[in-house]
């Protein structure tokens, strides 16, 4: 085993910080033995904090209408082949009712940056969900908004907000987004979310176009200092109707290694085995758990619209990725040594 890499992983497991250069060395030099060692350490830490519990989130994709034109995203506004939809408030509430009966105690309302979802509308929606299900947590993933908006949504009863930073390098960010979007503003939004009181989620794509090892090291350095309560990472997967249609997908082994490093860096983080990971690898959810993850997000959206929320090619939303097939998920997690629990699953 590479002793310098092993020593860096051990330092992280002991709660020590490492530099950006050292993160880059980890990513550049680690072989399979070092990755296996990282996964073993990550599982020890996750077990000490969360046991073998797997938290489930009911994902409700409320709209695929988006004002942004991010170069990697299948629901970008320039995609004329995308069949657009927007769920009504009653449809969203129906999803929550179904999810609650299935055992979900966190609902994730995710969508493009759709101007229909004003603060007034979302306040009514959040209030209606909490009135029917006062014991659930609500996570929002609705993109960049104003500081005042985040404050209103938190006061209305939303608990968590997921806003992936995508990349912590400004130059790389500019290669993935149109000129009107900036990393400075994305980071400002993350700060506003924390100031508003949310449990905050960040995260990045692994293997996105033009990404270097140094970019990933910068991501890890940002996560180690910002210390989000949630971190969503997954491999980049191209979409056929974007400028990156012909780019190769991200690496599953690198994604798993990064999950382990993030668990070592942030022992209490809520860390999903993402749908993208489960799309590229048949047993991606299990591999994610064995690398240090502790969250999965089955799809609760109406089946009729799921194929239209296609952020990338062949996005999975059936089988264990579907809320309606929770028994399959429970069995798969049990076979891997984990237990799906009925719990809000807050960060500890």
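Numbering (the working numbering), first residue to last: 2 to 349. Just so you know, even glycine gets a beta-carbon here, dropped at the ideal spot from N, CA and C.
(request) Provide the residue(s) that pair with residue 112 in DSSP beta bridges, ordered along the chain. (result) BP columns for residue 112 point to 64.
(message) Assuming contact is defined by CB atoms lying nearer than 9 angstroms, are residue 296 and residue 278 in contact in what I supplied?
(response) No. Outside cutoff.
(request) Would you kindly report the start and end of the unbroken beta strand (DSSP E) that includes residue 162? (result) 161-163 is the span of the beta strand (DSSP E), which, as asked, contains residue 162.
(request) Output yes or no for whether 9 angstroms exceeds the beta carbon distance between residue 76 and residue 113. (result) Yes. Within cutoff.
(request) Indicate whether the contact test is met: 3 or more Cβ pairs, each with one atom in the segment 287-296 and one in the segment 211-220, closer than 8 angstroms. (result) With a cut-off of 8 angstroms, the segment 211-220 and the segment 287-296 do not count as touching, because too few Cβ pairs lie within range.
(message) Restricting to Cα atoms, I'd like to know which of 111, 43, 237 and 162 is closest to residue 74.
(response) Among 111, 43, 237 and 162, the Cα nearest to that of residue 74 belongs to 237.
(request) Tell whether a beta-carbon distance below 9 angstroms holds between residue 6 and residue 43. (result) Judged by their CB atoms, residue 6 and residue 43 are not nearer to each other than the 9 angstroms cut-off.
(message) Helix, strand or coil for residue 54? Go by DSSP, reduced to three states.
(response) Of the three classes helix, strand and coil, the one that applies to residue 54 here is strand, per DSSP.
(request) Count the other C-beta atoms from every protein chain shown that fall within 10 angstroms of the C-beta of residue 304, then say buried if there are 16 or more, exposed otherwise. (result) Per the 10 Å Cβ criterion, exposed.
(message) Let's see if you can read the secondary structure: which residues bound the beta strand (DSSP E) around residue 366?
(response) This structure cannot settle anything about residue 366, because the visible part of the chain is limited to 2 through 349.
(message) Please give the ranges of any alpha helix (DSSP H) in the segment 206-242, keeping only runs that are unbroken, at least 4 residues long and fully inside the region.
(response) Correct list: 214-227.
(request) Whole angstroms is fine: what's the gap from residue 91's alpha carbon to residue 109's? (result) Computed Cα separation, rounded: 16 angstroms.
(request) Consult DSSP for residue 22 and reduce its assignment to one of helix, strand or coil. (result) Looking at residue 22 - three-state DSSP - the assignment turns out to be helix.
(message) In the DSSP assignment, the alpha helix (DSSP H) including residue 11 goes from what residue to what residue?
(response) Per DSSP, the continuous alpha helix (DSSP H) segment holding residue 11 begins and ends at 4-14.
(message) Does residue 273 come out as helix, strand or coil in the three-state DSSP assignment?
(response) Three-state result, residue 273: strand.
(request) Report yes or no: do the segment 233-247 and the segment 183-197 share at least 3 C-beta pairs separated by less than 8 angstroms? (result) A contact is defined here as three or more CB-CB pairs under 8 angstroms, and the segment 233-247 fails this definition with respect to the segment 183-197.
(request) For residue 323, collect the residues of the same chain with a Cβ closer than 7 angstroms to its Cβ; drop the 5 residues on either side in sequence, then sort them by chain order. (result) In its chain, beyond the 5 residues on either side, 299 and 300 have a beta carbon closer than 7 angstroms to the beta carbon of residue 323.
(message) Can you check which of these residues, 23, 312 and 29, is closest to residue 275 by C-alpha distance?
(response) Looking at the Cα atoms, 312 is the closest of the given residues.
(message) If you reduce the DSSP assignment to three classes, tell me which class residue 183 lands in.
(response) In the structure shown, residue 183 sits in coil (DSSP, three-state: anything other than H, G, I, E or B).
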